[in-house]
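Reviewing the structure listed below.
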Amino acid sequence: QRAGQINSAGGYLRSLTDKAAKGEFSVWPMLLAQLRANGSHVRLVKGQME
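full-length UniProt numbering puts the sequence shown at residues 1 to 50.
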């Protein structure tokens with residue numbers, strides 16, 4: 001989604017890694033967006049996104 005805006009893949013990955021270490025990043029939004037884009041139906045269960 002942001003591939004055209006990312007100048008340095010390594011820098012972007014380091015930024016995401018730092019955010020994940022601080023608990024500020026989750027892959028869930030990306031995974032859910034991809035599933036929805038593929039037409040998959042997603043049902044979340046309470047506590048599943050933690």
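From the three backbone atoms N, C-alpha and C, an ideal C-beta is built for every residue, glycine too.
The alpha-carbon separation between N7 and S26 amounts to approximately 22 Å.
Under the DSSP assignment, R14 falls in the alpha helix (DSSP H) whose first and last residues are A9 to A21. Taken through DSSP and simplified to helix, strand or coil, R43 comes out as coil.
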